[in-house]
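For any residue, its number in the numbering used here is found by taking its place in the sequence shown, counting from 1, and adding 41. Each residue gets a CB set at the ideal place from its N, CA and C atoms; glycine is no exception.
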Amino acid sequence: MELIVSSIYSWLHNNANEIIISGVGGAFLLIIIRFYKTISRFMKYLIKNINKLFHRRSKINKISDESPIVAGDSEQAIAIVTNKLPIVPYPTTTFFHYRLTDAFPRLDNGITEFNDRRTIIKRLKILLGDPLTFSSEDSRPGFDSHPIWWFRGTYNLWIDRFKVLSRRKVLINIDEYVVTKLIVYKSKHNYRDFVYVECAPDKPSGAYQHTKESIEREVNEYGFCQEEFSLLNKRVITRREYDEGSTLVSGKPTRTIGAKLRSRVLTTYNFIIAAKHSPYNSNTFDKLSEVYFNDLLTNQIDFKEFLKWMLSLERNPRDMWND
């Protein structure tokens, strides 16, 4: 035992310098490791807060100068919110049905007509309230990032914006409308729901020189007359100037950065609003519906005849997946 203790003492005595150096080195290494961990935590915290700041600034930059219009408060219309765009909670036909019942509660199945200007605008604010655009992450059949569309013949597009411009005029996407009539069709089959919209002629913007003859030519060819123009601050410019990105202001070339594209109908006009995957999103509707819309405007057919034809359209195959 004494021999073992003596050997250990002798080894410690002979290696004292190496042991001291190793101890100092170990302590120094421990300090470096702890310092690195502290710096690492600080940098992560700093980067996290910088990202939050940029995210907040980007959200502010994306906010429009127009007040958003919130949809109805029913649970059905509330989407699941993510960090980016909300995820649409239902297939397009179900989503539209809930929006329709929010905007037009207590309606019996069938058609209901609205002609009061104030009522029309109030109901459209709910039907087309935010959110209208959703995340495209959900690719299941019957779901879509833009569930609500407008349709008229081969002219059809999703609706991603709605704004009340005045007591008599609304904005849907880039289109200005003086809406005078709504006819709501509520079906026992939700996927057939739609809202018929009829509009009065609007005044020309002043961007073009229209004549009675030129308007008549448009009506004879398309069933209506429409003009596209742009608003540069309060100045009206042509669609061509908008596309080219430059105009003349007091004789000087001026860039049209920030100009807003607009459209107006100068004659009576009509279309429907429905779910993207409704029966009205079909080749048959595209080919044949324009004649029905034009005949409605000229009173050559009544709405019941139009509805009878609409009900003959087959269900959209993409919507059938949701049964």
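Kindly list the residues whose CB is nearer than 7 Å to the CB of residue i, restricted to its own chain and excluding five residues on each side of it in sequence; keep chain order.
| i | result |
| --- | --- |
| P294 | S287 |
| H138 | N231 and D234 |
| I110 | Its pLDDT being 34, under 50, I110 is placed unreliably by the model, and the measurement read from it follows with that caveat. Around I110: K166, G170, D171 and F203. |
| K7 | Any property of residue 7 remains undetermined from this structure, which presents the chain solely from 42 to 364. |
| K244 | none |
| R296 | G286 and S287 |
Within 10 Å of its beta-carbon, does residue i have 16 or more other beta-carbons around it, so buried, or fewer, so exposed?
| i | result |
| --- | --- |
| N324 | exposed |
| G264 | buried |
| M351 | buried |
| P395 | In the structure displayed, the chain extends from 42 to 364; residue 395 sits before or after that span and is not available. |
| K349 | exposed |
| L223 | buried |
| I213 | buried |
| E282 | buried |
| I189 | buried |
| L44 | Here the model assigns L44 a pLDDT of 47, short of 50, so the residue's position is not dependable and the matter cannot be decided. |
| S353 | exposed |
| T254 | The sequence shown places Glu at residue 254, rather than the Thr named in the question. With fewer than 16 Cβ atoms within 10 Å of its Cβ, E254 is classed as exposed. |
| L168 | buried |
| L289 | exposed |
| N335 | buried |
| E355 | exposed |
| I215 | exposed |
| D284 | exposed |
| E239 | buried |
| R140 | buried |
| E257 | exposed |
Assuming residue i is part of the beta strand (DSSP E), what are its boundary residues?
| i | result |
| --- | --- |
| E217 | D216 to K227 |
| N197 | Y196 to W199 |
| N311 | Y310 to A316 |
| Y283 | Unbroken run through Y283 is the alpha helix (DSSP H), R280 to E285; no beta strand (DSSP E). |
| T160 | Careful: T160 lies outside any beta strand (DSSP E), inside the alpha helix (DSSP H) at R158 to L168. |
| K293 | K293 to R296 |
| F235 | F235 to A241 |
Take residue i and list the residues in its own chain whose beta-carbon comes closer than 8 Å to its own, dropping the five residues that flank it on each side.
| i | result |
| --- | --- |
| H318 | P132, T133, T134, G183, D185, Y232, N357, R359 and D360 |
| Q267 | E259, S304, R305, V306, L307 and Y310 |
| G151 | Y226 and K227 |
| K229 | N150 |
| V277 | S246, G247, A248, F270 and S271 |
Just reading off the alpha helix (DSSP H) that residue i is part of, what are its end residues?
| i | result |
| --- | --- |
| T134 | T133 to A144 |
| E331 | N324 to L338 |
| T153 | No alpha helix (DSSP H) holds T153; the beta strand (DSSP E) holding it covers G151 to F155. |
| R359 | P358 to M361 |
| K204 | Unbroken run through K204 is the beta strand (DSSP E), F203 to V205; no alpha helix (DSSP H). |
In whole angstroms, what is the alpha-carbon distance linking residue i and residue j?
| i | j | result |
| --- | --- | --- |
| K204 | R159 | 14 Å |
| L337 | F344 | 7 Å |
| Q250 | S291 | 20 Å |
| E154 | F145 | 11 Å |
| F270 | T252 | 17 Å |
| R209 | S176 | 33 Å |
| A248 | Q341 | 33 Å |
| G299 | G194 | 32 Å |
| V219 | T279 | 21 Å |
| N197 | V332 | 15 Å |
| L272 | S207 | 16 Å |
| R147 | V211 | 25 Å |
| I91 | L302 | At I91 the pLDDT is 42, less than 50, meaning the model places this residue with poor confidence and gives no usable figure here. |
| D143 | L173 | 15 Å |
| F136 | A316 | 8 Å |
| N261 | K275 | 33 Å |
| F326 | I200 | 18 Å |
| K328 | E217 | 25 Å |
| E346 | Y237 | 14 Å |
Could you pull out every residue in the same chain whose Cβ sits closer than 6 Å to the Cβ of residue i, ignoring the five residues on either side in sequence?
| i | result |
| --- | --- |
| F192 | I313 and Y321 |
| K163 | none |
| S330 | G194 |
| I161 | F155, V220 and L223 |
| A241 | V219 and T221 |
Give me whichever residues DSSP pairs with residue i in a beta bridge.
| i | result |
| --- | --- |
| Q267 | V306 |
| A248 | Answer is none; A248 lacks a bridge partner. |
| W191 | L198 and I314 |
| K253 | Partner(s): none; K253 has no beta bridge. |
| R209 | According to DSSP, R209 bridges with nothing at all. |
| V277 | L272 |
| V260 | For V260, which the question treats as bridged, DSSP gives no partner whatsoever. |
| K349 | K349 pairs with nothing; no bridge assigned. |
| L148 | Bridge partners of L148: none, in fact. |
| L289 | P294 |
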